[in-house]
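First comes the structure, then the notes that go with it.
In this note's numbering, the protein residues as written are 38 to 234.
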């Protein structure tokens, strides 16, 4: 397989719009890792998009009348080979901004895998939110790969620029990405042959 054929397009969906959010560290880490492996990584940041609370899904807008930010996302998502979701843990669940970002689309996610990068400032690394997020991602048609990339005590594990400051981070991320890429390539081949509907 040529390097061009092997190159994947992976939107990295960040789930927080809080003023002092830590998730941007994890998002930068993931984007850098994807780019270092030769893939196209696109950060999808709800703070920059400033999407409204969901009133109408992208597909519910008459053709050509969706807000420009949604049109850009739809175009990106249709090209995507998989999605990496960066989620904190708010009250044992995913952030509201992430749920709102996800719910604007549906068919654009179909037949593509997702991977969950979860984090917290405490010891559990956001895994309680990840369990609920798995259900949502499956319902949206982009089931998550079996492994997670949990980042406990993110403020000590990754610096503000997205560089690991704990020695386990890069090793764990590489294993997680190897698994995600396997699923992304497998489903990319199958989509090229057609989908059930």
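All C-beta atoms, glycine included, are put in the ideal place defined by N, C-alpha and C.
Using DSSP bridges, identify the partner residues of residue i.
| i | result |
| --- | --- |
| residue 152 | 121 |
| residue 130 | 127 |
| residue 77 | 46 |
| residue 188 | 156 |
| residue 195 | 201 |
| residue 51 | 123 |
| residue 181 | 151 |
For residue i and residue j, I'd like the C-alpha separation in whole angstroms.
| i | j | result |
| --- | --- | --- |
| residue 209 | residue 51 | 19 Å |
| residue 142 | residue 176 | 12 Å |
| residue 118 | residue 72 | 15 Å |
| residue 64 | residue 129 | 20 Å |
| residue 218 | residue 173 | 21 Å |
| residue 203 | residue 234 | 45 Å |
| residue 168 | residue 104 | 31 Å |
| residue 216 | residue 184 | 8 Å |
| residue 39 | residue 83 | For residue 39, the predicted model reports a pLDDT of 41, less than 50, meaning its position is unreliable; a value from the coordinates is still stated below. Going by the C-alpha atoms only, they are around 34 Å apart. |
| residue 156 | residue 59 | 8 Å |
| residue 182 | residue 95 | 26 Å |
Within the continuous alpha helix (DSSP H) that includes residue i, where are the two ends?
| i | result |
| --- | --- |
| residue 90 | Segment: none, residue 90 is in no alpha helix (DSSP H) and carries neither H nor E. |
| residue 169 | 164-176 |
Is residue i near the ligand ADP, in the sense that its beta carbon is under 7 Å from a heavy atom of that ligand?
| i | result |
| --- | --- |
| residue 161 | Annotation note on the ligand ADP: not contained in the displayed structure, which lists no ligands. |
Closer than 8 Å by C-beta to residue i: which residues in its own chain qualify, once you throw out the five before and the five after it? Chain order, please.
| i | result |
| --- | --- |
| residue 106 | 86, 87 and 88 |
Can you round the beta-carbon distance between residue i and residue j to whole angstroms, since I take them to be within the 8 Å contact cut?
| i | j | result |
| --- | --- | --- |
| residue 123 | residue 79 | Incorrect: roughly 13 Å between the Cβ atoms, too far for contact. |
With a threshold of 7 Å on Cβ separation, who are the neighbours of residue i within its own chain once the five nearest residues in sequence on each side are excluded?
| i | result |
| --- | --- |
| residue 132 | 52, 53, 124 and 125 |
| residue 179 | 120, 146, 149, 150 and 151 |
Near residue i, which residues of its chain fall below 6 Å by C-beta distance, leaving aside the five closest residues on each side in sequence?
| i | result |
| --- | --- |
| residue 228 | 148 |
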